[in-house]
Structure formats: C-alpha cells, structure tokens
Amino acid sequence: MERDYPIKLLEKALKTYSPSGREQELATLLKGEMKALGFRNVQLDKAGNVHGEVGGGSPTVMLCGHMDTVPGWIPVRFENGRLHGRGAVDAKSALVAMIVAASLLELEDISGRVLMVGVVDEERSSRGIRQLVDDGLKVDYAIFGEPSGAGNITFAYRGRLNFKVTCKTEAGHVGAQHLHRNAVEEAYGLWSRLKMFFKAKESPHGIFYSPTPIITGIRSEGGGFGVVPDECTVNVDLRLPPTLRCHEALQIVKKLVEEYGREKTGVSVELKVLDMVEPYVADRKSRLIRALKDSIREVLGVSAKLIKKTGTGDMNIFGASLGVPVATYGPGNSRLSHTKD
C-alpha cells in the first residue's frame, strides 16, 4: 500500500456525493477498493450496506462507518494541509481509516475476525444499521466511526424522538380574520407549549442530561394572498437524556397535544411519530473501551478522555439490540459536523 493511499481514498470518497438515500455509487467504489485490498466475502446487502472481512476465528470485531452524509455539496479541496469536503468530518474520514486499518490487519498474525461494514442512512432513520440487526448479525465487539477526536472515545449518546404536529382550521378572508383561526399561529402556539414544557425540565448538569426539542421544518397549506391559512405542520426533533425513554417522552407529547386540541375550538390537531431511537450509555469499563484507551496511550502518548455526545448515532441501536460491548471513535472535530465547510 502506498503511503498516500488513505488520503487518496478519502479524496475519492469525498468526491462521490452520497447524501442519505444516494449511497450506491460510493458503496460500489468501496466494494471495489475493499476487494483490491484483500478483504474476503465483499458484498452489498439488500439495504445497500457494503460488507467485507479479514482474519478468521473468534472473537469477531465489527468496524462500522456510515457512507451517507447530510445534503449539501462542498467543493473538495486541500487547504492549509487540510482536506475539505462534505463528509470529511462526518464521517468519511473515520470510514476510510477503518477500511485501511482493517486491511493492514490482514498482514498481521491476528487471532479473530474483523468485519468491516459501511452502512447507509445513518443521517436519517438508520436503515443500514437496522438491516444488520434484522439480519441477525453476530459479533463480539463493535466500534462505530464518528468524529470524537483522536484522543477521545465516545461512550454515550442521547436518544431521539422525531414527530410532526399538524393544526387544521377553516380558511377565510384575511379581512375577516377575527372570525377564523390561523393554522400557522395555532401550530406555533402548540410548539411554544411543547418547548416551554421541556425547557422547564432542563438539567443543571448540562444539555446531555436535558430534553431539547427543536423545529426542523414548517409547512403551511392553504392561505396565500388574502386567505387565512387553514393547515400548518411543524416537524420537531426532540433529543432525550438517558433518564427519559422514548415511550415516556411520547406520552408527554401526546398529553400536551391532546390538551391543546381540547382547549382550542375550531382547531383540530394531529400527531404523527416519524422516528424513535433510545438513549444509550455503553459500559465504560468494558474490555473494548479499555483496549481503545490502551491503544491511544501507546500511539499518542496521552490518556484517552471518555466523552458523551448530545446527538444520536448507530451505536444506540446496535448496542441496545445486541448487548455487546460498543464504542464510537474517529478523527475530526464533531463541531464541524453538518456545517457548510
């Protein structure tokens, strides 16, 4: 392997635009690269995940990175010794690093098997990792590639409840707006109530331990010039601390929505759940995390820091479903994730 191969592979990956739902071209690229690197049983599953393995026997360690990114093209370029592009941080750098590292293990006399997986759809509904769970994949350990910084190990994520609420009213002339309910204003009133409720639940220990809702989209129907809007939908992403499970949060939201609907005459309110991912906290004393800490100390000469992240990752779903030791690790500053550059 040429010394600059990892950088060249990352550059190829960044130039292959792969927002969620459009990962096939990158999966095909990585499939070819993995075959050339000596991976065995390289294949794409029905979700579009790319698989390959090195070594053999027991234990089995899965290295898992995601191929998709959030939408938005960023020109790929080198600048001041840094490689820029959509996914450079989140998380094609970690994915490529895992592929290269796993391929180098084939040259070593290792005991055990390394399963390398590039999954789809992590940035949306985690369809890729759910496919692995549904297929009954069996591994002993799993490391997920996400930006933690080389000296840090992520062991905990918050959960997520995505939902939308729709307020419907009767349309009318804006000149007679005093006779009609404005669906946009009613939807905002409901959102304000939801936000105020969860703001009151903020923890003094910080955002990781607090439920935090945010509007991710608003759509209004009807209305137009001179017409009072008669329908408005608000999409909400509610992040959950480890102390609040998805079903508990959903019951709270349902109650608030139902109460609002009962209070408002001439307004109907609908709630629809879009996605749920439970919070997850890995065992920080597991053999896997101890091994990662030892490796960081050996290579970097620093003591690894265990960190909690306020987002949500595929580790949540896989760790909770399989109950095996897991951790998330990878290069990059997560504050640059999903940004414009």
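Residue numbers (this note's numbering): 38 to 378. Even for Gly, the Cβ is constructed at its ideal location relative to N, Cα and C.
(message) Short of 7 Å in beta carbon distance, which residues of its chain neighbour K129, apart from the five on each side in sequence? Order them along the chain.
(response) L47, A50, L51
(request) Take the Cβ of K346 as the centre, count every other Cβ of all protein chains shown within 10 Å, and call the residue buried at 16 or more, exposed below. (result) buried
(message) Within 10 Å of its beta-carbon, does V154 have 16 or more other beta-carbons around it, so buried, or fewer, so exposed?
(response) Buried.
(message) I'd like to confirm the pairing. Which residues does DSSP put opposite G149 in its beta bridges?
(response) G93
(request) Out of C283, Y54, I344, point me to the one whose CA is closest to P112's CA. (result) Y54
(request) Answer yes or no: do E60 and V157 have a C-beta to C-beta separation smaller than 8 Å? (result) yes
(message) Can you tell me which residues form a DSSP beta bridge with P56?
(response) T106
(request) Go through its chain and collect everything with a Cβ distance to Q80's Cβ below 7 Å, but skip five positions before and after it. (result) H88
(message) Just verifying my parser: in three-state terms, what is the DSSP assignment at L216?
(response) For L216, the predicted model reports a pLDDT of 48, less than 50, meaning its position is unreliable and no value from the coordinates is stated.
(request) Would you kindly report the start and end of the unbroken beta strand (DSSP E) that includes D172? (result) D172 -> no beta strand (DSSP E), and no H or E assigned at all.
(request) Name the two residues that bound the continuous beta strand (DSSP E) containing I111. (result) Segment: none, I111 is in no beta strand (DSSP E) and carries neither H nor E.
(message) Contact defined as beta carbons within less than 8 Å: I believe I200 pairs with V126. What is the distance between those atoms, to the nearest angstrom?
(response) Looking at the sequence itself, residue 200 is Phe, so the reference to Ile does not match. With 8 Å as the limit, F200 and V126 do not qualify as a contact, their Cβ atoms being about 28 Å apart.
(request) Could you check how far apart the C-beta atoms of G196 and L308 are, in whole angstroms? I think they sit under 8 Å. (result) Going by Cβ atoms, the distance from G196 to L308 rounds to 18 Å, so no, they are not a contact pair.
(request) With D312 as the anchor, note down where its beta strand (DSSP E) starts and where it stops. (result) Counting along the chain, the beta strand (DSSP E) containing D312 begins and ends at 305-314.
(request) Indicate the three-state DSSP secondary structure (helix, strand or coil) for R40 in the structure shown. (result) coil
(request) Out of R40, R150, R372, I289, point me to the one whose CA is closest to R230's CA. (result) I289
(request) Buried or exposed for G212, please, with buried defined as at least 16 other CB atoms from any protein chain shown within 10 angstroms of its CB. (result) Unreliable placement is indicated for G212, whose pLDDT of 49 sits below 50; no coordinate value is reported for it.
(message) Less than 8 Å between C-beta atoms, sequence neighbours within five positions excluded: which residues of the same chain meet that for A138?
(response) L100
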